Amino acid sequence: MSGRASPWVLVTGAAVRLGREIALAFADAGWSVLCHYRSSAREAERTQAAVRERGAECLTVQADLALDDGADTLFAQCLALAGTAPRCIVNNASVFEADDAASASAATLRGHFMTNTAAPLLLGNALARWLGARAQPDGGGDHSVIHVLDQKVHNLNPDYFSYTVSKLALERSVALQAQALAPHVRVCGLSPGLIYLSGPQTQDNFERASRVNLLRRRIEPADVARCAVFLAGNASLNGCTLQADNGQHLVPLARDVMWAIDGPEADGGPA
Ligand SMILES: NC(=O)c1ccc[n+]([C@@H]2O[C@H](COP(=O)([O-])OP(=O)(O)OC[C@H]3O[C@@H](n4cnc5c(N)ncnc54)[C@H](OP(=O)(O)O)[C@@H]3O)[C@@H](O)[C@H]2O)c1
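Using my numbering, the first residue of the sequence shown is number 403, and each one after it goes up by one.
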């Protein structure tokens, strides 16, 4: 990207795990990074240092996306820090708490919806509003929003009920928001499979569950992260979703994989 100022990417939840990988992948591609975090301030500084080691600029920004004004506050902070709007927003931050139809409540549904659905959509809307107000022709789809989804939305089971509902709503919104924000902003989805140990999972369970996919090997977080860079850089992609999951979505299970592999469905992967 020499000869042109590096574009900014905002990555939400970029202090740790997949968000950090995405931040590093954008840095490797020559982007400047706005590294958002909520409570992981020290880890966000480590991401910042790792991005800068790669020769890219990185600024950290704190916001709680569960708040009604969380997305707008974050977008305003990004404008102030970078002096311009991000060229790409990667909505990676997420709540992932176990429940089912029996235990789901208005509080669990609302809690997942605010961070996993409302905030990503509102950040995209804020970017389109900013571009629209400046009457800047988009130059053919330069600006983009990437919603990080989950293979679960293509391969349903009723576990993690509130989380799955929040991601299903976001997945359905990819095409809707692409229509709504045209021509200013492209909107794409990115659906990873199981990449990190989460919630009540043991290390042993994770080692086995993370191989329940067509390739029977773990999904590389860096591969998933590079998909985000690809979506951001390819102006022809709009309203579509990339599935970066070793084909996990093609292995149906009646329960979440972390429980299915220790239950009657222990066979999991394809024969
Ligand atoms: N992990 C997997 O195997 C997997 C599989 C499929 C899909 N995904 C999707 O991939 C993405 C990343 O997964 P992950 O496991 O790396 O994520 P994660 O570690 O569960 O969460 C990422 C970050 O989200 C932030 N966050 C949570 N609630 C927030 C709030 N109210 N406001 C602002 N930030 C908030 C947290 O930031 P702080 O730490 O700063 O508080 C957290 O570090 C998610 O969208 C997830 O749904 C993950």
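Just so it is clear, CB atoms sit at the ideal spot from N, CA and C, and this is done for glycine as well.
On a predicted model such as this, the values are computed, not experimentally measured, just so you know.
Worksheet entry | Straight-line Cα distance separating residue 498 from residue 514 | 8 Å
Practice prompt. Look at residue 593 and residue 646 and say whether their C-beta atoms are less than 8 Å apart.
Written response: yes
Discussion item. Among the candidates 531, 416, 425, 433, whose CA atom is the shortest distance from the CA of residue 441?
Written reply: 416
Practice prompt. State the beta-bridge partners of residue 642 as determined by DSSP.
Written response: For residue 642, which the question treats as bridged, DSSP gives no partner whatsoever.
Worksheet item: Would you say residue 497 touches ligand 1, meaning its beta carbon is less than 7 Å from a heavy atom?
Response: yes
Worksheet item: Applying the criterion that 16 or more other CB atoms from any shown protein chain within 10 Å of the CB defines a buried residue, is residue 546 buried or exposed?
Response: buried
Item to complete: Leaving out five residues on either side along the sequence, give the residues of the same chain with a beta carbon under 6 Å from the beta carbon of residue 412.
Response: 436, 480, 488, 491
Fill in: In DSSP terms, what residue 594 is bridged to
646
Worksheet item: How is residue 491 classed by DSSP in three states: helix, strand or coil?
Response: strand
Fill in: Buried versus exposed, by CB contacts within 10 Å (16 or more), residue 636
exposed
Worksheet item: Cβ of residue 550 within 7 Å of any heavy atom in ligand 1?
Response: yes
Worksheet item: Does DSSP put residue 550 in a helix, a strand or coil?
Response: strand
Discussion item. Are there any heavy atoms of ligand 1 lying less than 7 Å away from the beta-carbon of residue 425, as far as the coordinates show?
Written reply: no
Practice prompt. Return the CA-CA distance between residue 536 and residue 461, expressed in angstroms with no decimal places.
Written response: 24 Å
Discussion item. Is residue 471 near ligand 1 - that is, is its Cβ less than 7 Å away from at least one heavy atom of it?
Written reply: no
Worksheet item: Out of curiosity, what's the CA-to-CA distance linking residue 673 and residue 456?
Response: The predicted position of residue 673 is uncertain, since its pLDDT is 29 and thus under 50; a value taken from the coordinates is nonetheless stated next. In a straight line, the C-alpha of residue 673 is about 43 Å away from that of residue 456.
Discussion item. At a cut-off of 7 Å, would you count residue 596 as near ligand 1, judging by its Cβ distance to the nearest heavy atom?
Written reply: yes
Worksheet item: Buried or exposed: which applies to residue 627, given that a residue is buried once 16 or more other Cβ atoms fall within 10 Å of its Cβ?
Response: buried
Worksheet item: For residue 557, which residues from the same chain have a beta carbon less than 8 Å from its beta carbon, with the 5 sequence-adjacent residues on both sides left out?
Response: 650, 651, 652, 653, 654, 655
Worksheet item: Using the C-alpha atoms, what's the distance from residue 414 back to residue 679?
Response: It is not possible to answer for residue 679, since the shown part of the chain is limited to 403 through 673.
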